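Numbered by our numbering, the letters in the sequence shown go through residues 15 to 604 in order. Ideal placement from N, C-alpha and C gives every residue a C-beta, glycine not left out. Note that this is a predicted model, so its numbers are computed, not measured. Take a look at the structure below.
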Amino acid sequence: MEKNKTSEDSIKILNRRSFIIIIFGAILSIIVSLRLFSLQVINFNFYKKKSVENKLSIKLTPPLRGDIYDSKKNLLAGSSSLYEFVVFKNLSKDHLHEIKSLDSLIKLKLNLGEISKQLKKYNEYSGFSLSRASWEQIVEFEKNKFLFNSIKIIESKKRYYPYQNFSQIIGYMGQPTQSSELYSKGVFHLERSYEKHLRGTSGKIFSEVNAKGKTIREISIEKSIKGNDLDLTLDLTLQNYAQSQLPLDKKGSIVVISVSDGSILSMNSNPTFDAQIFEDRENTKIKDLLNDDQKPLLNRAFSGFYPPGSVFKPISALVGLQRKLIDSKNEVFCKGHSSLGDRNYYCWKKEGHGKVNLKKAIKESCDVYFYELAKKTNIDDIASLSSNLGLNKEYDIGLSNIGKGLVPSKKWKKAFLDESWYQGETLITCIGQGYNQTSPLQLATLYSAILNGGKYPIPKLDKNTPTRFTGKLLNNEHKKIIVNSLNAVVQEPRGTAHKLSISNPEFVKIGGKTGTSQVIRIKESEREDDEYKSKEIEERFKDHSVFVGYAPYDKPKYIASVIIENGGSGSAVAAPIAHKVLNFAYKNNV
């Protein structure tokens, strides 16, 4: 009996334990089932993708960047072979020691600490670039190749700039700044503004890899697509010739544009720089360039702004004609200065020009004629016409450091200086001094507007950009008066640039306007001081030399705008340069 009771107790305990085990097993089964349901049904697509990624490696291959050409398909920027020292961790356990040995042998000046840190995060089967390799370094490496099991020389591509004097137009490449950017990108001028157009589409290499990332086999390849090419309006031969005409000891610039469609045929700036140093990572040269107080990175033809001097006078004359303040026959007597209140405003010709009409005023650049006109002129009319004829405007042609310049108005002075406008300021504005700030490209565009009768083509660098016209039509009679006067500057005796016709009679005949842009104001007392006149003026305070000309004078095809900083007289320095460049363009049918 007692034995039966013990047996019953054992059965009860066994049943209780069995029940717990069954319940626990049921709960476990439910959990496993739910997990399997989640893995195989709910999150099927996610884990399928992860599974594929675990065995599939996708490696991006850089695309070839599009080439940049001049208007005649001469290469201005392309791609060339580049060689690099690359380390593969999986090839040697002593890869760090080998890197140190390479650095010591070839003097690569590697940041070993930073490289060691980067390599810890790097897949051992993927190559890590240490440094670019020059031919001399490659030769030295090959002599000692047996010392390096983990380091290889790998070929890739780099940007190639064959002509230094295009650097301030084309720009250069730089390293990626965001994690999403995989390759070098354009960071200056056309390389930057046409980045999407030039960069192309990356290729892909699909490979099967094991758990450690080692490639087992290559599955497929999607080839990269080269970027689009860019054709410019520039002409290589003209660009090179114009650059050769800029004085090496002076800062300055030249722009040549087409009268008919606004194409920029040449754009030169001195000093210039070599964009290749950025691509070749020549850090010492780059540092020197960035710290150069001559500012060789500045494209003075586009981003250099100066008082235009007398090349601005046609605008003042047109305002006078439009407002019926003058006509072609009105005369002013120039005795060397004009007075307003208690101040004298001087002509460049101390003894004066005598009787002066509009044509003579432009031809001989008489300041007094324009002072007298300015006394009757509203500054806002000058500012308005200037904008209609291409000044006071930004030209987005793809270059960095875009600027607007300035032709002042009453509203501008009140807004920026909180001052009222004075009539004396109109006098100096009318002869291109004062607050006036214009670039060589803007001045070329101004003369394009005059020659085209007010409706002018917007300047462009991209050959495939459609020609677009802007501006308002001028009175045709007014246009003829101004153009005939500009022709007389060069073609008639006593014109400020008549010497050009005499010294180079075989050159194409041109019209244009000389200008001398004051850097500092000369006080009235200094004008009368013989001791002051005999002083050597410090180079940086000398006047800028300015000339804007066009050729041929009877059927204009080309316009050249030249500014030589601190060059002095426009007729002596800038005008001869412009004449040579215009003659080259015309004779070579650029």
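(1) Which residues does DSSP pair with Ile72 in a beta bridge?
(2) For the putative contact between Gly446 and Gly334, defined by C-beta atoms under 8 Å, what is the C-beta separation to the nearest angstrom?
(3) On the criterion of 16 or more Cβ atoms from any shown chain inside 10 Å, does Ser548 qualify as buried, or is it exposed?
(4) Closer than 8 Å by C-beta to Asp544: which residues in its own chain qualify, once you throw out the five before and the five after it? Chain order, please.
(5) Can you name the residues that DSSP bridges to Cys348?
(6) Please go through the stretch 123-183 and give each complete alpha helix (DSSP H) segment of 4 or more residues, from N-terminal end onward.
(7) Evaluate contact between the stretch 117-126 and the stretch 179-193, counting only Cβ atoms and requiring at least three cross-stretch pairs below 8 Å.
(8) If you follow the beta strand (DSSP E) that Ala565 is part of, which residue opens it and which one closes it?
(9) Taking one C-beta from the stretch 75-87 and one from the stretch 241-259 each time, how about it: are there three or more such pairs within less than 8 Å?
(10) Relative to the C-alpha of Lys369, which residue among Lys389, Cys348 and Val270 is closest?
(11) Return helix, strand or coil for Lys508, following the three-state DSSP convention.
(12) List the DSSP bridge partners of Asn282.
(13) Within this structure, are the beta carbons of Asn282 and Gln257 separated by less than 8 Å?
(14) Is it true that the CB of Ile165 sits closer than 8 Å to the CB of Phe99?
(15) Who are Phe99's beta bridge partners in DSSP?
(16) Give me the Cα-Cα distance between Ile44 and Lys69, rounded to the nearest whole angstrom.
(17) Is it true that the CB of Gly467 sits closer than 8 Å to the CB of Lys13?
(18) How far does the beta strand (DSSP E) with Ala574 in it extend, from its first residue to its last?
(19) Please confirm whether Leu126 and Ile113 have their CB atoms less than 8 Å apart.
(20) Between the C-alpha atoms of Ser539 and Tyr360, what's the straight-line distance to the nearest angstrom?
(21) For Lys377, count neighbouring C-beta atoms within 10 Å of its own C-beta (all shown protein chains included) and say buried if the count is 16 or more, exposed if not.
(22) Could you say which of Val522, Phe33, Ser353 and Asn305 lies nearest to Asp568 if we only look at CA atoms?
(23) Looking only at its chain, what residues have a beta carbon closer than 7 Å to the beta carbon of Lys427, apart from the 5 residues adjacent to it on each side?
(24) When you compare the stretch 574-581 with the stretch 502-518, are there three or more beta-carbon pairs, one atom per stretch, that lie closer than 8 Å?
(25) Suppose the cutoff is 7 Å on Cβ atoms and the five residues either side in sequence are ignored; what does the same chain contact list for Leu487 look like?
In short:
(1) Locating residue 72 in the sequence shown gives position 58, counting from the first residue. BP columns for Ile72 point to Phe220.
(2) On the sequence shown, position 432 is the one that residue 446 refers to. On the sequence shown, position 320 is the one that residue 334 refers to. About 15 Å separates the beta carbons of Gly446 and Gly334, which is beyond the 8 Å limit, so they are not a contact pair.
(3) Looking up residue 548 in the sequence shown gives position 534. With a pLDDT of 42 at Ser548, under the threshold of 50, the modelled position of this residue cannot be trusted; read the value that follows with caution. It is exposed - the Cβ of Ser548 has fewer than 16 other Cβ atoms within 10 Å.
(4) The residue you call residue 544 lines up with position 530 of the sequence shown. Since pLDDT at Asp544 reaches only 43, below the 50 mark, its modelled position is unreliable, and no value is offered.
(5) Here the question's residue 348 lines up with position 334 in the sequence shown. For Cys348, which the question treats as bridged, DSSP gives the partners Gly368.
(6) Runs found: 126-134 and 149-157.
(7) By the Cβ rule, the stretch 117-126 does not count as touching the stretch 179-193, because fewer than three pairs are nearer than 8 Å.
(8) As a first step, residue 565 must be located in the sequence shown, where it is residue number 551. His558 to Ala565 is the span of the beta strand (DSSP E), which, as asked, contains Ala565.
(9) A contact exists between the stretch 75-87 and the stretch 241-259.
(10) The count along the sequence shown starts at 1 and reaches residue 369 at position 355. The shortest Cα separation from Lys369 among Lys389, Cys348 and Val270 belongs to Cys348.
(11) Locating residue 508 in the sequence shown gives position 494, where the first residue counts as 1. Here residue 508 turns out to be Arg, not Lys, going by the sequence shown. DSSP, reduced to helix, strand and coil, places Arg508 outside both helices and strands of the structure shown, so it counts as coil.
(12) Here residue 282 refers to the residue found at position 268 of the sequence shown. DSSP output for Asn282 lists Ile268 as bridge partner(s).
(13) One-based indexing of the sequence shown puts residue 282 at position 268. One-based indexing of the sequence shown puts residue 257 at position 243. In this structure, Asn282 lies near Gln257, with their beta-carbon atoms less than 8 Å apart.
(14) The residue you call residue 99 lines up with position 85 of the sequence shown. The residue you call residue 165 lines up with position 151 of the sequence shown. A contact, by the Cβ cut-off of 8 Å.
(15) As a first step, residue 99 must be located in the sequence shown, where it is residue number 85. Ser145 and Ile167.
(16) Within the sequence shown, the letter at position 30 stands for residue 44. Within the sequence shown, the letter at position 55 stands for residue 69. One alpha carbon belongs to Ile44, the other to Lys69, and they sit about 31 Å apart.
(17) Given a span of 15 to 604 for the chain in the structure shown, any question on residue 13 remains unanswerable.
(18) For the purposes of this step, residue 574 is taken as the residue at position 560 of the sequence shown. Segment Tyr572 to Ile578, the beta strand (DSSP E) holding Ala574.
(19) To locate residue 126, count along the sequence shown from 1; it is residue 112. To locate residue 113, count along the sequence shown from 1; it is residue 99. With contacts defined as CB atoms closer than 8 Å, Leu126 and Ile113 qualify as a contacting pair.
(20) As a position in the sequence shown, residue 539 is number 525, starting the count at 1. As a position in the sequence shown, residue 360 is number 346, starting the count at 1. Below a pLDDT of 50, predicted positions are generally treated as unreliable, and Ser539, at 42, falls in that range; the measurement from the model is reported next regardless. Between the alpha carbons of Ser539 and Tyr360 lies a distance of about 12 Å.
(21) As a working mapping, residue 377 is identified with position 363 in the sequence shown. Buried, since its Cβ has 16 or more Cβ neighbours within 10 Å.
(22) The residue given as residue 568 occupies position 554 in the sequence shown. The candidate whose alpha carbon is nearest that of Asp568 is Val522.
(23) Taking the sequence shown and counting its residues from 1, one reaches residue 427 at position 413. Taken in chain order, the residues that qualify are Glu433 and Trp435.
(24) The stretch 574-581, when compared against the stretch 502-518, does not touch it at the 8 Å Cβ threshold.
(25) As a first step, residue 487 is located in the sequence shown; it is residue number 473 there, counting from the start. Result list for Leu487: Gly467, Gly468 and Lys469, in chain order.
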